[in-house]
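What follows is a set of notes on a single structure, which appears directly below.
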Amino acid sequence: MYDSPSDLRVVEAVRKVAGELGVLPSEVALAWLLQKPGVAAPIVGATKIEHLDSAVRSLDVELTEEHIRAVEEPYQPHAVRGH
Numbered sequence: 092m093y094d095s096p097s098d099l100r101v102v103e104a105v106r107k108v109a110g111e112l113g114v115l116p117s118e119v120a121l122a123w124l125l126q127k128p129g130v131a132a133p134i135v136g137a138t139k140i141e142h143l144d145s146a147v148r149s150l151d152v153e154l155t156e157e158h159i160r161a162v163e164e165p166y167q168p169h170a171v172r173g174h
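Residues 92 to 174 (my numbering) make up the sequence shown, in order.
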């Protein structure tokens with residue numbers, strides 16, 4: 092369901108931005124989510140203290156408009172399944 096070529100392009104874009112910023116891809120993903128209007132408190136499923144530390148570090152990740160475009164451009168919506 093989430094392994095289409097466009098999904099993989101999104102993953103690669105997130106990895107590239109993370110590499111440019113010297114942070115983890117998960118930190119870029121959470122930073123992207125946090126800059127979205129209406130998102131006040133994302134639910135983070137941390138199973139290790141390292142995951143929680145990474146989530147907290149994402150608060151300091153500053154994404155430029157260019158980074159945001161790079162991450163969003165390859166996204167292709169999926170049809171809703173099971174409904």
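Glycine included, C-beta positions come from ideal geometry on N, C-alpha and C.
Note that the coordinates shown come from a computational prediction; the quantities given were computed from them, not determined experimentally.
Between residue i and residue j, what straight-line distance do the alpha-carbon atoms span, to the nearest angstrom?
i	j	result
VAL114	ALA120	11 Å
GLU118	ARG172	28 Å
LEU99	HIS158	17 Å
ALA161	PRO96	16 Å
VAL108	PRO116	8 Å
SER145	GLN167	27 Å
VAL152	ALA122	6 Å
GLU156	VAL101	16 Å
LYS139	VAL147	13 Å
ARG106	VAL130	22 Å
GLU111	ALA170	32 Å
LYS127	GLU164	15 Å
LEU125	ASP94	24 Å
Since residue i is in the alpha helix (DSSP H), which residue starts that stretch and which ends it?
i	result
PRO116	116-125
VAL162	156-163
GLU111	96-112
ALA146	140-148
For residue i, collect the residues of the same chain with a Cβ closer than 8 Å to its Cβ; drop the 5 residues on either side in sequence, then sort them by chain order.
i	result
LEU143	VAL135, ALA137
Residues in the same chain with beta-carbon distance under 6 Å from residue i, minus the five sequence neighbours each way, listed in chain order, please.
i	result
SER149	GLU118, LEU121, ALA122
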